[in-house]
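Chemist:
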Ligand code: NAP
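Residue numbers (our numbering): 832 to 1280.
Shown next, in the form of structure tokens:
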């Protein structure tokens, strides 16, 4: 079985509540080490009514008042002896071998390993697995490593509430889960001790699910910006000496952002369509998608949010356009030219209609995208039913409105020969191709056959 298949699709479910829940004050929990994590954990446990004994190599070195009065300070061995079952190792893994001297006292106890990996992808066994090898007569449970000392102290309102647990012992895992629940956390069963390799690297990961969508969005922006620079600024300057470089700071980003938003939105709906076509072609839905398509499907939310960000920035930039000195200058010039030419009422009926229509489509599209962005918040998403959550009508409406906004805006220029002076179509013509293809494919899939 491949690695992909051997790891659980979802990181477990909440750990079941048996055996009977740990009662407050009935258990004494030992914490080895007197550092930051130990102190925060002790404060929290005491606040939750659990008896705590902290075991240190040198009790005398612990500053008075560092721990709450209710916490008993002891030698490492003394603390382990006092603990009924749970011993939290608030130490760095390189110091685990220093506990070999109290191996007999640790036998039969549940050792909670809270440590984290030092680097990503080291390939060797995890700290928890090494701990289990050092103390074969103890039960090792990996947990609390994704909870920071700060979260422990500030309460469960801030920071993550999930405590991911893994162990080869179901009983040990259950005992630690009860303690986590007592402290107001959500224990989540993440499997056997091998899963500690994943859990230990979690705090080191930096937005793992955002990397691909961020890179795609950045590259799209770079492409449209460079394309606009070449087509609208550099080539006209080289060919006719027309200096439009003042557009670099505001006008060009404002033209590039909606293009990025359009393509990003198309990329949100394209993998779903590809998946549907693939299932039709295979004649079954009971086959796994290729890995790249699976990955793409999982990144749709991030792509959608980045598309929304670009659309929102485009709206803000557009609102700033009238504030530009260049715009004011052009307006005054236009007014002056009209006065000079004796034109009194240069009302362009179709132009007025067109601008109202594309602005209205843009505003509506942004409104729907904002709604979709809000539903991506876990607190909102959690109260939606599956049918509500997978309701794609809104997304496609936003895409259709965005395409209409672009087409109404640029219909005339898209077909005028001046727009192709350097054999380069306007950038929005390129951008609108992908969403149009998505909409057409979607319409074909809606056909009854
Ligand atoms: P820390 O403040 O440096 O405390 C580590 C403790 O280890 C010391 O107070 C000391 O306690 C003991 N120690 C130091 N040198 C030792 C040695 N040579 N041999 C044996 N024991 C030694 O570190 P921490 O921030 O509390 O982190 C402890 C563990 O929690 C680490 O594995 C870390 O990855 C994990 N963790 C920390 C956080 C966090 O937010 N801080 C979050 C998640 C996980 P005594 O002198 O009393 O023996």
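For glycine and all other residues, C-beta sits at the position ideal for the given N, C-alpha and C.
With a threshold of 8 Å, are at least 3 pairs of Cβ atoms found where one atom belongs to the region 1231-1250 and the other to the region 1183-1194?
Modeler: Taking 8 Å as the limit for Cβ pairs, the verdict is that the region 1183-1194 does touch the region 1231-1250.
Chemist: Any idea if residue 1031 is buried or exposed, counting beta-carbon neighbours within 10 angstroms, 16 or more meaning buried?
Modeler: So residue 1031 counts as buried.
Chemist: Go to residue 1018, then tell me how far its beta strand (DSSP E) extends in each direction, as first and last residue.
Modeler: First-last of the beta strand (DSSP E) with residue 1018: 1017-1020.
Chemist: Go ahead and label residue 1111 buried or exposed: buried means 16 or more other beta carbons lie within 10 angstroms of its beta carbon, across all protein chains shown.
Modeler: Answer is exposed; the Cβ neighbour count stays below 16.
Chemist: So, does the region 1044-1055 touch the region 1118-1135, judging by three or more C-beta pairs under 8 Å?
Modeler: In short, these stretches touch, since the Cβ pair count reaches three.
Chemist: State the DSSP-derived secondary structure class of residue 940, mapped to helix, strand or coil.
Modeler: In the structure shown, residue 940 sits in coil (DSSP, three-state: anything other than H, G, I, E or B).
Chemist: Please list the terminal residues of the continuous beta strand (DSSP E) segment that includes residue 903.
Modeler: Here the beta strand (DSSP E) through residue 903 covers 903-906.
Chemist: Please report the distance separating the alpha-carbon of residue 930 from that of residue 1038.
Modeler: Cα-Cα distance, rounded: 36 Å.
Chemist: So residue 1024 packs on residue 948, CB below 8 Å; how close in whole Å?
Modeler: Not quite, the Cβ-Cβ distance comes to about 14 Å (not below 8 Å), so this is no contact.
Chemist: By Cβ distance, which residues of its chain are closer than 7 Å to residue 1067, with the 5 residues on each side in sequence left out?
Modeler: Here the set comprises 1073, 1075.
Chemist: Any idea what DSSP makes of residue 1165, helix, strand or coil?
Modeler: Residue 1165 falls in the helix class under three-state DSSP.
Chemist: How would you write the range of the beta strand (DSSP E) that residue 1235 sits in, first residue to last?
Modeler: Segment 1224-1245 is the alpha helix (DSSP H) holding residue 1235; no beta strand (DSSP E) there.
Chemist: From the DSSP secondary-structure annotation, give me the bridge partner or partners of residue 883.
Modeler: In the DSSP output, where bridge partners are listed per residue, residue 883 has 860.
Chemist: Ignoring anything shorter than 4 residues, give me the alpha helix (DSSP H) runs that lie fully in the region 1003-1053, in order along the chain.
Modeler: Segments of the alpha helix (DSSP H) lying fully in the region 1003-1053: 1027-1032.
Chemist: Can we say the region 1250-1261 touches the region 1196-1215, given the rule of at least three CB pairs closer than 8 Å?
Modeler: With a cut-off of 8 Å, the region 1196-1215 and the region 1250-1261 do not count as touching, because too few Cβ pairs lie within range.
Chemist: Please state the DSSP three-state secondary structure of residue 1116.
Modeler: Reduced to three states, the DSSP call for residue 1116 is coil.
Chemist: Return helix, strand or coil for residue 996, following the three-state DSSP convention.
Modeler: Residue state, collapsed to three classes: strand.
Chemist: Give me the Cα-Cα distance between residue 1053 and residue 1084, rounded to the nearest whole angstrom.
Modeler: Computed Cα separation, rounded: 10 Å.
Chemist: Where does residue 1202 fall in DSSP's three states?
Modeler: Here residue 1202 sits in helix by DSSP.
Chemist: Rounded to whole angstroms, what's the CA-CA distance from residue 842 to residue 1012? Just pull it up for me.
Modeler: Because residue 842 carries a pLDDT of 49, less than 50, the predicted location of this residue cannot be relied on, and the following value inherits that uncertainty. Rounded to the nearest angstrom, the two C-alpha atoms are 18 Å apart.
Chemist: How should residue 900 be labelled, buried or exposed, when 16 other C-beta atoms within 10 angstroms of its C-beta is the threshold for buried?
Modeler: Exposed is the call here.
Chemist: Go ahead and pull the three-state DSSP assignment for residue 918.
Modeler: Correct three-state label for residue 918: strand.
Chemist: Touch check for the region 1117-1128 and the region 1171-1185: three-plus C-beta pairs under 8 Å?
Modeler: Short answer: they don't touch.
Chemist: Is the CB of residue 1026 under 8 Å away from at least one CB in chain C?
Modeler: Absent here is chain C; the protein component of the structure consists of one chain.
Chemist: Is residue 1016 near the ligand NAP, judged by its Cβ being under 7 Å from some heavy atom?
Modeler: Because no heavy atom of the ligand NAP lies under 7 Å away, the Cβ of residue 1016 does not count as near it: no.
Chemist: Can you tell me whether DSSP reads residue 1183 as helix, strand or coil?
Modeler: Looking at residue 1183 - three-state DSSP - the assignment turns out to be helix.
Chemist: Just checking residue 922 against the ligand NAP - is the residue's beta carbon closer than 7 Å to any of the ligand's heavy atoms?
Modeler: Yes, since a heavy atom of the ligand NAP falls inside the 7 Å radius drawn around the Cβ of residue 922.
Chemist: Would you mind sorting residue 1205 into buried or exposed? The rule is 16 or more other CB atoms within 10 Å of its CB.
Modeler: With fewer than 16 other Cβ atoms within 10 Å, it is exposed.
Chemist: Should residue 992 be listed as close to the ligand NAP, given that the test is whether its C-beta is under 7 Å from any heavy atom?
Modeler: The answer is no for residue 992.
Chemist: Please check the pair residue 1099 and residue 1135, which I expect to be a contact at CB under 8 Å, by giving their CB distance rounded to whole angstroms.
Modeler: Right, their Cβ atoms sit about 5 Å apart.
Chemist: Within the same chain, show all residues whose beta-carbon is closer than 7 Å to that of residue 893, passing over the 5 residues directly before and after it, in chain order.
Modeler: Once the five neighbours on either side are set aside, the close Cβ partners of residue 893 are 865, 887, 904.
Chemist: Comparing the CB of residue 888 with every heavy atom of the ligand NAP, is any distance shorter than 7 Å?
Modeler: Yes.
Chemist: In whole angstroms, give me the CA-to-CA distance for residue 1060 and residue 1269.
Modeler: One C-alpha to the other measures close to 28 Å.
Chemist: So for residue 1214, helix, strand or coil by DSSP?
Modeler: Coil at residue 1214, not helix or strand.
Chemist: Per DSSP, which residues does residue 971 bridge with? Please list them.
Modeler: Paired residue(s): 942.
Chemist: Buried or exposed, going by whether 16 or more other CB atoms sit within 10 Å of the CB of residue 870?
Modeler: With 16 or more other Cβ atoms within 10 Å, it is buried.
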